[in-house]
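Notes follow once the structure below has been shown.
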Amino acid sequence: MAAATFDTLRDEIDWLAETVISRRSEGTSWRDQAVLVRRNATLAPVFQALRERDVPVEIVGLGGLLGLPEIAPIVSTLRILDDVTANPDVAALLTGPRWRFGLADLEVLGDRAKALAARPERQRDFGEALAQAVTQADPGEVVSLLDAVADPGDAPLSAEARRRLGRFASELAELRRHAAEPVADLVARVIHAIGIEAELVSAGSDTSQIDRFLAEVAGYVDVDGDGSLTGLLAYLDAEEDFGEGLLQAVPSQDDSVKLLTVHRAKGLEWDTVYLPSLVDKVFPSEPRSAVWAQRAETLPAQLRGDAASIPQLGEYTRDGINGYREALKAEHRLAEDRLAYVAVTRAKRFLVASSHVWTPGNVRPRTESPYFAAIRAAAEGLGTYLDETTRDLDANPIPSEPVRASWPQPPDPERVAALRGAARLVAEAAPLVGADRAARDDWAWQSGTLSESEAATVAAWDQSITHLTQLQTRRRTQTVQLPDGLSVTALMALRRDEQEFAASLLRRMPRRPSTATRVGIRFHTWLQERFELPAALDEVTPEPSVASDELTALIAAFEAGQFAHRVPLGVEVPFLMRRGPHVLRGRIDAVYRWEEGSYRFLVVDWKTTDGAANPLQLAVYRQAWAEAQGIDPALVAAAFYHVASDALRFVAAPASLIDRAIAGREQA
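The sequence shown lines up with residues 1 to 668 when you count with UniProt numbering.
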């Protein structure tokens, strides 16, 4: 083992990065090295230091990803789509490197937003005003920058600022049109719309962190099949707030250094493990457990699922509460000790611990962690302790004066020149659209030899092509772990095309909008309301917002068909069913009592188009209903009902279809 102490956190991280490279030169592969931290906040600077040195690196887990500059604008855009009052996220995007609004422009927008919020609204009747007061925040108390973005009025903005503002507003309006899409599709659409991936590729940077963020989103969807944008953002907030890894880590097999929290490292091992920032109040961390009797937001201890193994408040007195607080501190320290044991035992051959004294803004020096003290003592005995501190320092050596920098950050002059050169070439070639090949070739020859800036542009293109080719090769050969949770739709996609399904797990892309799909969804919604609303059946009509010629025709066909007067046992029946190591989830369109032949039940899948029907879907429905009822699947019939033609098509849907779909595909 080895240990080292430094004056500043920056010095410590730089040393760690150089040590990683040194270990690699000594024969330890990148994938056999891992950096384990107590806080997610430590991951971003370590990641940046390694990336600056061209070390392949992977952040394992969601919490660390959220601190990366390529992920932040994606999350901010999602927050804006979910909440029009997410002003910090609007400001972060507008002042970021893409839109580059200055402080003065932002202040103008803020003033405009306040003016719009204070503007009197149209006169409303009492009922409408009461409903809004109950269900919404007081409009007079809500100041939304997005209001000013949509309606800047005569605010003193430059023509360029107004142009950028218009593009920003148009982009958000287009994304908001797709806000009801499945959340994984929406996230992929946001990434495409804001162009973050294209920016990284053009700059020659790695896009793997975006791939991993998409994989984390897919993991959330696997856990919550009905996941919404609001739910996803709450999931991200929980990861940021608690930072302990909501799920066990599954690092990739890529030859890269792994960065993750100690919580996520449980059950994993590496040849070499680094434990940075071993300072007091970081690891062990400060107790966060509050006395529930004094904090309304804290769940009473006796109501927790682990109540039998945690301290309980015995007496509601001052002495009782003080004793309970001390018991909570002791319990927290014991948990930290266990976590430290996990951290140290992740190393198979070599353990590296490090600490520092000063961080930016600290008035008092940090003291070393008791865990670091134990490792340092052992390293001193081995002669592998490095002390890089300056003992006579009595003040923070990091400059306390404000760091001066341009804000927003000015664009890279070389990149601006390349973009302008590309724009000039496009403008010159515009008249050739639709021209024959001879004319295009003639223009290419007449354009002459490449200038220095044009040669740089072509070199950048070559670099992008190489990067994309390598990325595509990696994706073609990458092994993708089949998720533990699968929807019926995902299972059918896996059965249909394994390679395409694996690619979809690696890179989620928004699905092309389909009129047939929209009509099918609206028909299912109407049918669910028809059977579940307490009104008489003939009083249920589709809302005007969902009415269409196709939908109207389907409704008329159903009302004239054989199921119009049958009352189902359930519609859109949700289920979870374990099959081997996987949990299948979905909703059965409808279940009827069916006393024909040897059957007692019928599961039905409504078909609103003439497309092919996969019996695998009904096999899952049939097995799920049988397991839920505790009966033999042989008592459950399965059929597709083609609504337009009033045709009921029974199919054999044995459980073997499910097993064949999963068997041999533990690696998609």
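Think of the CB as a built atom: it goes at the ideal place given N, C-alpha and C, for glycine as much as any other residue.
Quantities reported herein were computed from a predicted structural model and do not represent experimental measurements.
CA-to-CA distance, residue j to residue i, given in whole angstroms
i, j, result
"P399", "T5", "20 Å"
"I321", "A327", "10 Å"
"R318", "S309", "23 Å"
"A180", "H332", "42 Å"
"G361", "A184", "39 Å"
"L93", "T8", "31 Å"
"V583", "A215", "18 Å"
"Q123", "R112", "Confidence at Q123 is low in this model, with a pLDDT of 49, below 50, so its placement is unreliable and the value that follows should be read with caution. One C-alpha to the other measures close to 22 Å."
"V190", "L165", "18 Å"
"N396", "E388", "15 Å"
"E595", "L602", "9 Å"
"V591", "A560", "20 Å"
"F531", "D589", "12 Å"
"L236", "A307", "27 Å"
"G96", "E107", "15 Å"
"Q528", "R566", "14 Å"
"A193", "P251", "29 Å"
"G383", "M1", "10 Å"
"R100", "N87", "16 Å"
"L299", "I631", "40 Å"
"T19", "Q253", "22 Å"
"V257", "D646", "59 Å"
"P276", "V75", "28 Å"
"A663", "P581", "11 Å"
Any non-hydrogen atom of the ligand ZN closer than 7 Å to residue i Cβ
i, result
"Q48", "Although the ligand ZN was asked about, the structure shown includes no ligands whatsoever."
Opposing strand residues paired with residue i [DSSP bridges]
i, result
"R593", "F601"
"D387", "T5"
"Q294", "Paired residue(s): none; Q294 is not in a bridge."
"G586", "F575"
"residue 678", "Past the edges of the chain, shown from 1 to 668, lies residue 678, and the structure says nothing about it."
"V35", "L259 and Y274"
"L16", "For L16, which the question treats as bridged, DSSP gives no partner whatsoever."
"K281", "S285"
"A347", "W270"
"W358", "T8"
"I80", "BP columns for I80 are empty, so no partner."
"L486", "L584"
"G570", "V591"
"V352", "A2 and Y274"
"I59", "L259"
Beta-carbon contacts of residue i that lie in its chain and below 7 Å, excluding the five residues immediately before and after
i, result
"A653", "P615, L618, A619, R622 and A638"
"R587", "E572, V573 and P574"
"Y316", "A293"
"E428", "none"
Cutoff 6 Å; reference residue i; Cβ partners in own chain excluding five residues on either side
i, result
"A169", "V149 and A150"
"A3", "A353, I375, R376, A379 and Y385"
"D280", "T367 and S369"
"T272", "R23, T28, Q33 and F350"
"I71", "L65 and F213"
"A340", "Y371"
"D217", "The amino acid at residue 217 is misidentified as Asp; the sequence shows Val. These residues qualify, in order along the chain: A184 and V187."
"A155", "V108 and R112"
Close beta carbons around residue i, own chain, < 8 Å, minus the five adjacent residues each side
i, result
"R176", "L81"
"L554", "V519, F523, T608, V643 and A644"
"F47", "V57, I59, G64, L68 and L259"
"R585", "G225, G485, L486, S487, V488, P574, F575, L576 and M577"
"Y599", "L635, V636 and A637"
"D11", "H356 and E388"
"W625", "V573, F575, I588, V591, F601, V603 and V636"
Any C-beta of chain C under 8 Å from that of residue i
i, result
"I13", "Considering every chain present, this structure includes no chain C. It has just one protein chain."
Rounded distance between the beta-carbons of residue j and residue i, thought under 8 Å
i, j, result
"E174", "G63", "30 Å between Cβ atoms; not a contact."
"L268", "R346", "6 Å"
"V90", "L157", "About 15 Å separates the two Cβ atoms, so there is no contact after all."
"E197", "I210", "6 Å"
"L313", "A301", "6 Å"
"V143", "A117", "5 Å"
"R579", "D255", "Wrong, their Cβ atoms sit about 34 Å apart, outside the cutoff."
"R264", "G570", "The Cβ separation is near 40 Å, so there is no contact."
"F650", "A613", "At roughly 12 Å, the Cβ-Cβ gap does not stay under 8 Å, so F650 and A613 are not in contact."
"L43", "Y274", "In fact, because the Cβ distance is near 12 Å, the residues do not count as touching under 8 Å."
"L78", "L278", "35 Å between Cβ atoms; not a contact."
Given 8 Å as the limit, is there contact between the region 416 to 426 and the region 34 to 42, that is, 3 or more CB pairs closer than that? no
Count the CB pairs spanning the region 50 to 57 and the region 82 to 101 that are closer than 8 Å, and state whether there are at least three. no
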